[in-house]
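As structure tokens, the structure follows; a few thoughts come after it.
Numbering (the working numbering), first residue to last: 81 to 254.
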């Protein structure tokens, strides 16, 4: 996480006039992380400009957060939150499992099944989706009311989900 401090010319130009470039230079020379935390906490920032002590208010300096690759950041008050945005293989497979649930539910609806009907699911899938189904079998079965999730040949059109294929057939569980 990196911080960038930007002197706001509209506010500081009126206040410091021709000394604004010196104020900008002094601001740039500060440790941005410490100064940013002070400003984000709503506290004034003390500066030395040409031997003169100045106080910059939080409304006079814009604090920009720059996240490293794979992170998203946000700040509110003195708090900063960072989220990891990289998708691990496990998260990708979890997302695929949720997509399988969505597709099976659509198929249930278009087939005219009742919401409480128990079903058997037969699927033909790429290796990645098959692994997601295996890892999240209980979740998928629970969400779709499937008494069985079985891999095998399917006489249905396949969907493409993130370049992975999935074909599904469902029938009422007897």
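Built from N, CA and C at the ideal position, the CB exists for glycine as well. In this text, all values refer to a predicted model and were calculated from it rather than measured experimentally.
Using the three-state DSSP reduction, which class does residue i fall into: helix, strand or coil?
| i | result |
| --- | --- |
| residue 43 | Residue 43 lies beyond the range of the chain shown here (81 to 254); nothing can be said about it. |
| residue 202 | strand |
| residue 196 | coil |
| residue 92 | helix |
| residue 245 | strand |
| residue 133 | strand |
| residue 81 | coil |
| residue 121 | coil |
| residue 112 | helix |
| residue 279 | The structure shown does not extend to residue 279, since the chain is modelled only from 81 through 254, so no value can be given for it. |
| residue 238 | coil |
| residue 253 | coil |
| residue 87 | strand |
| residue 107 | helix |
| residue 261 | Since the first and last residues shown for the chain are 81 and 254, residue 261 lies out of range. |
By the 10 Å Cβ neighbour count, where 16 or more other Cβ atoms means buried, how is residue i classified, buried or exposed?
| i | result |
| --- | --- |
| residue 85 | buried |
| residue 156 | exposed |
| residue 107 | buried |
| residue 148 | exposed |
| residue 217 | exposed |
| residue 144 | exposed |
| residue 182 | exposed |
| residue 243 | exposed |
| residue 82 | exposed |
| residue 119 | buried |
Since residue i and residue j are thought to touch, with beta carbons under 8 Å apart, how far apart are those beta carbons, to the nearest angstrom?
| i | j | result |
| --- | --- | --- |
| residue 199 | residue 252 | 6 Å |
| residue 197 | residue 225 | 7 Å |
| residue 191 | residue 250 | 7 Å |
| residue 163 | residue 152 | 5 Å |
| residue 248 | residue 184 | 6 Å |
| residue 173 | residue 212 | 4 Å |
For residue i, which residues of its own chain have a beta-carbon under 8 Å away from its beta-carbon, when the five flanking residues on both sides are left out?
| i | result |
| --- | --- |
| residue 135 | 124, 125, 126, 127 |
| residue 193 | 199, 250, 252 |
| residue 140 | 87, 88, 91, 92, 95 |
| residue 103 | 87, 92, 96, 127, 129, 134, 136 |
| residue 238 | 204, 245, 246, 247 |
| residue 150 | 164, 165, 166 |
Which residues in the same chain as residue i place their Cβ atom closer than 7 Å to its Cβ, once the five residues preceding and following it in sequence are excluded?
| i | result |
| --- | --- |
| residue 221 | 229 |
| residue 115 | 85, 125 |
Once you ignore the five residues that flank residue i on each side, which residues in its own chain have a CB closer than 6 Å to its CB?
| i | result |
| --- | --- |
| residue 138 | 119, 122 |
| residue 100 | 92, 93 |
Problem - In chain order, each alpha helix (DSSP H) run of at least 4 residues that lies wholly inside the stretch 159–236 - result: Listed in chain order, they are 169–190, 207–215, 217–224.
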